[in-house]
Each structure stands twice: as C-alpha cells, then as structure tokens.
Amino acid sequence: MNGAVTPRWIALWPALMLGLFFLVPFGIMISVSFAQRDAGGFYQPGFELASYARFLAPFFARVLGVSLAVSLGAAAICVLLAFPFTVFLASMSRKVQTRVLVVLLSVLSLSEVIIGFSLSTLLSQTAGIGNLFYWLGLIEAPRAYTPSLFALMTGLCYLGFPFAVLVLYAPVSRLDPEVVEAARTMGASAPRAFMGVVVPMLRGAIVGAFILVFVFTLGSYLLPQLLGRPEHWTLSVHITDQAIYQANLPFAAAMSVFLMLVAMALVGLSSLAARDGGAA
Amino acid sequence: MTELRIEGLSKRFGTYFALDDVSITIPHGRFVCLLGPSGCGKTTLLRVIAGLEAPSAGRVLVDGVDQTAVPTHKRGMGMVFQSLALFPHLDVAGNIAYPLAIRGVDRAKRAARAQELLDLVKLPGMGGRRIHQLSGGQRQRVAIARGLSIDPQVFLLDEPLSALDAGLREHMQIELRQIQQSLGVTTVVVTHDQKEALTMADLVIVMKEGKVQQAGTPMEVYHAPANAFVADFIGSTNLMPCDCDGKAISVLGARLPVVEGDLIRATGAAQLSVRPENVALVPPAEGIPAEVTFIRDLGESVHFVMTAGGRTITAQVPPAARPEIAVGDAVGLAFRPGHRVVLA
C-alpha cells in the first residue's frame, strides 16, 4: 500500500548513512586495534594482538568493573526516579505536562562540561551547599562533597534522567487508567495494583530506559574526571587518556572494541530478559 | 441474598450535579440497566457503586451494610469496564484468576476456577491464549469471566458491549442475560442503547441530567412512560401538544374520548404520546386530516411519515397491511384507542 506513495529504495538512505558514518569508522577502529603502536604519535598498519594482551591486566579488569558498576548504578537510579516521576507527570493536566517536558528537553541542551563544572562548584567546600548546611547548623564546618562517588553519580543521573523520562513518557501516558481501576475493583490495593499491573505492563519501556541510560553514561569520560576520584575513573576515561595523552591509538581502539562488546552483550541480555518476562 | 440500595446519592463536580439525589433499591438477583443519553450520570452512578468515585452525599448499601466508606478493593464487587481493561501481560487464565491470586488462592484452585469460568463464557480450553490473540467478542467474554471469578455479590458492567458490531452485540446481550440468570447475581449494566436495556433487564432505570426519570420493568417504561423524555427515549414515539380533561383528549383539532387502557398522567395542557405502531391510516373523512410526505419501507415494516396540523407524525404498519398510498396523498389519522398516553 505504502509502496505506491513511498518508493522502497528510500529505505536504502538510512542504510547508507549507517554504513558510512557507523560501520566504516567502526571498521577503521577495529583495524587500528590490531595495528602496531608508533611511539612517535600514530600507528603502523599491521596485525598484532599486543593491545588486547595488555588489556588483560588486572588493572584494566578492575577499570572495566568500575565502568560497568557506575553505569549500571546510574541507570538503575535514573529508572527508579524517572518511573514514578513519569507516572505522576502523566496524571497532571496537559498544560503542566508540556511545561515539564520542555524543561526536561532544555536540560538536554546542557553539555556534559557545563553540568560537570556546575556540580563541582555546587558541591565544593568554598562555594557549595556545604556552606548552606553549615549555616543551617546541620554540620560543624563547611565541607566539599566532590570529588566523590556521590558527586559522580549525581552528575550521571542528572545527565540520564531526562532520557529515562522521555523514553517512559509515551508508554506511560498511553496506559489505560481503567486498567488500574480494574485491578482495584478486583481487590488489589493501590500499591499492589501499581506493582502487579502497571510495572509489568510497562516492563519493555522500563528496560528500554535502563539500557539507554546505561549505554549513554558508559560513554561519559568528562564527568568521572571532574567529579570522581581516580579510582572512579571509567574505561572511557582511560580510552581518552590512551588516545590523546599517551598517544597509543591501538590500545585505545582495543579498549573501545572490548567495551563495546561488553555493552552489547549486556544490552542483549537485558532485552532478552524483557522479552522472556513479557511472555511468562 | 444481595440487595443493593442507593440512598439520596449526589455527586457534584463544582457546580455541576452529575448525580442529583438518586435513590434506588435493587432486589437480589435482578438485572438492572441504567439507561440514558451520554452525560446523564449513569456511568458516575456505577463508579460510585464500585467505590471508584466518592459521592458528595448519600449512601450505598449492600444488604443493609453501608459501603460508602469502604475502599474499592475491599468491596468485593465484579466489574467489567468499557475498555475491558484486560491485562496484556497475563494470559487468559491469568486474567480471569487475577482476583483470586490477589486473595491468595492456591494455584490449582485458581486454574480450576478459570477453567470453570471459561466453560461458562463458552471459551473452553482458551486459558493459555494471550489477550492480543483474541477477537473482540472473545475479549468481551474474558472480561465477563474475570468480573465473575470471585462470585461477586454485585456485578457491574459499564457499556460492556459498545465496542462490538451490531450482530455480535445482540448475540452477547442474550448470552450475558443467560449467564446472569444461571448465576442469579445482582447485576447493574450501564448502557445508552434502549434495545439492549429492553433485551436484558428486569428493571430499567432511565436517567437524565443526574436524575432518575423512571424505574420500572421494560414493558412499564415502554407502555407507561413517566414523562415525555422517557416516552421519546425508549423506542420512538409521536409527541404532540394536547388538552385533556380526563374524559377526552383534544389534539390536532379532534376530540378523542378516553377509553379503557389510555394512560392519563396529566390534565389540562399536556403532551400526547402515541407509538408509530398505534397510529392507523384511515380514509381522510374518518380521521385527523394529514398528508403523506415520505414512505420508508424497511421490509419488516413500513413507515409513513405525514404532516398533520404542522406536526410530523409517523405511522408504522406491517407490510401485509400496507395500504395503497403514495407520497402526497391525503389520508386520515387515527390513534388506536387504549394505547394513548397523556404526559405532563
């Protein structure tokens, strides 16, 4: 039916774009990861597994662990905050909903740099909220809350929260309110109806929001440096470090490939879990 | 035994009364239809009975026990929603047994009960299907089965058949009535379809603007409407201004003596209601003079649309008794004695 109006070959366009701007650079990155490092600053084409071998050191295993833990944590916190928030938002009037969504969208226009520096100021000893707590008599002396894991998580959640809300908003607002009422007439208390009916019905959207925030924060390399301690530095930070400061492009590429494989495996697992859950 | 009593129920939204002092008593096991145009308050009344809406005034009593302050999930009523509100994440049996799962009934008993109810709604062996695999009529049956799974004292349905096409709807009306009769559960159905109400109900409650206009059996509201609104809303009727002194009705320049069977609910200036099937066509000299303006032949019956004294009057005759009359002919009208209703 649509074929008459929209020619089929139009589908080639996104495929072409994907190939050109994703697959080609990805191919280059894979080939670089096998290349030989040139201490002069670039690399010699070749095939060796030295970069991958180096990655197998316990240090990088720990870094990978930190990266995954930080991103999974941020994704979990974002979804836990965003889900009730979105359910509440969907119950508001249209006008309020539009305003809140505009504010959320405008947060997306802030770059990681601005968010990072704002938070590091806000949580600092000299100009931060520590002074407010001190003035209120909550603490003995003004103190800094950055750098710390708390500051890092705050920054990542600030970044990920709008995405989580935007992914959840459409399915949540489409949810038939009679479904909750039906569960209520059948004997479910309000919390039980929420956990037993609303959450399972939106399982797909919840997993989607979780994956989006996870992948998004996995690539963050500025916030860990601005807000975290060195032990919180993620793999992305080390990739940047190797690529730009250590001039070791093959190693950076190898780490990137590895990070991507791990991320893809996790995304695949969680979407599989969502499908199984939906069919159970 | 479950008697549902509604006492002086009002529901106000700002200055607007969705329900205005409604009192109804529904004896055990009756099938009641709340009937009225959209915005008449029938759905609000059902929601107040279910506890989904708190009344501004009045009480809901089940067997004399005040339920007004009891939260929805503790009322133990079964309800079918207009959107059906089936749970897509559960299969058919899971949907039907959900109220039992909430009550902690064990798995084997839940499965047995789901099977029993699937047999009742004529969907045997469908327990393992997903909701999205079902047709509209099948979903309807699942929703009815789910509403009945805890053996509710009161069974509530909000426009349950409105999403079905005409043929299937008529079929489901009969089936719903049969299910209700076999279980004997006190049932309240909201509908705007008067045929549906007449098909299913023991008791029809006609509502308009938040007020009960008439409560009676289908034949009472059809043959002895309380007012012009009910006469017009249930079936179709011819309404014309008249003057009545109790002995005769003056209408369209004629004076018709009141006979046994005519219903006189008002005297003085009033309205005469005569159903189209009770309008007879006679030679011009023997009845009220009228002119035929349109003939609608529906096969099962023929409708003659006429003007008399500036008013449009419709007569309905069976095809076998169709007189030889064409559009533009002058005819005489007679209102069948004993079938005339004078209303305020």
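Keeping their order, the protein sequence lines are chains A and B.
Residue numbering for the first sequence follows UniProt numbering, starting at 1 and increasing by one per position.
Residue numbering for the second sequence follows UniProt numbering, starting at 1 and increasing by one per position.
The beta-carbon is built from N, C-alpha and C at its ideal position, and this holds for glycine as well.
What G130 (chain A) touches in chain B, judged by beta-carbon distance under 8 Å, is nothing: the nearest beta carbon there is about 46 Å away. Less than 7 Å separates the beta-carbon of A164 (chain A) from that of A82 (chain A). Just measuring C-alpha positions, the residue of B:R336, B:V105, B:L203 and B:A166 sitting nearest V282 (chain B) is B:R336. Of the residues A:G116, A:D38 and A:R99, the one whose Cα lies closest to the Cα of L249 (chain A) is A:D38.
In the three-state reduction of the DSSP assignment, I144 (chain B) falls in the helix class, which pools H, G and I.
Non-local C-beta neighbours of K109 (chain B) in its own chain, meaning closer than 8 Å and more than five positions away in sequence, comprise L100, ordered along the chain.
Assignment of Q180 (chain B) by DSSP, reduced to helix, strand and coil, places it in the helix class. Among the residues of the segment 17 to 39 of chain A, none has a Cβ less than 8 Å away from any Cβ of chain B.
For the pair of segments examined, the segment 92 to 110 of chain A was found not to touch the segment 178 to 193 of chain A: the number of CB pairs separated by less than 8 Å stays below three. By the beta-carbon neighbour count (other beta carbons within 10 angstroms, threshold 16), K42 (chain B) is buried. Interface annotation for the segment 82 to 93 of chain B against chain A: Q82, S83, L84, A85, L86, F87, P88, H89 and L90, criterion Cβ-Cβ distance under 9 Å. Interface annotation, G187 (chain A): in contact with chain B, CB-CB separation under 7 Å.
Remark: C-beta atoms of V154 (chain B) and R141 (chain B) do not approach each other more closely than 7 Å.
Taken through DSSP and simplified to helix, strand or coil, L61 (chain B) comes out as strand. Counting along the chain, C78 (chain A) sits inside the alpha helix (DSSP H) bounded by residues P58 to A90. Burial check for G253 (chain B): the Cβ neighbour count within 10 Å stays below 16, so the residue is exposed. Boundaries of the beta strand (DSSP E) harbouring L34 (chain B): F31 to L35, taken from the DSSP string. In the assembly as shown, A201 (chain B) is a buried residue. Its beta-carbon has 16 or more other beta-carbons within 10 Å. Put simply, the CB of I102 (chain B) is near chain A, with a gap under 7 Å to one of its CB atoms. For M17 (chain A), the enclosing alpha helix (DSSP H) covers residues L12 to L18. Y98 (chain B) has a beta carbon lying within less than 7 Å of a beta carbon in chain A. Y169 (chain A) sits close to T86 (chain A), with the two beta carbons spaced by under 7 Å. Residue contact check for R184 (chain A) against chain B: a CB pair falls below 7 Å. Annotation: A61 (chain A) to P162 (chain A) spans about 31 Å, alpha carbon to alpha carbon. Remark: C-beta atoms of Y52 (chain A) and A243 (chain A) do not approach each other more closely than 7 Å. By the neighbour-count definition (other C-beta atoms within 10 Å, threshold 16), I234 (chain B) is a buried residue. Contact check for V204 (chain B) against L19 (chain B) fails: the beta carbons are separated by 7 Å or more. Taking each of B:H192, B:P88 and B:R177 in turn and checking the Cα distance to V185 (chain B), the smallest one comes out for B:R177. Look at T2 (chain B) here: in three-state DSSP terms it is coil, with no helix or strand label.
The secondary-structure analysis by DSSP pairs S301 (chain B) with nothing; it has no beta-bridge partner. Taking 7 Å as the CB threshold, D241 (chain A) stays off the interface with chain B. For H339 (chain B), no chain A residue has a Cβ inside 9 Å of its Cβ, as the nearest lies near 43 Å away. Secondary structure at C40 (chain B): coil, using DSSP grouped into helix, strand and coil.
Residue burial annotation: V259 (chain B) is exposed, with fewer than 16 other C-beta atoms found within 10 angstroms of its C-beta. The beta-carbon of P162 (chain A) is placed no less than 7 Å from the nearest beta-carbon of chain B. Taking a C-beta distance under 7 Å as the contact criterion, L272 (chain B) and V342 (chain B) qualify as a contact pair.
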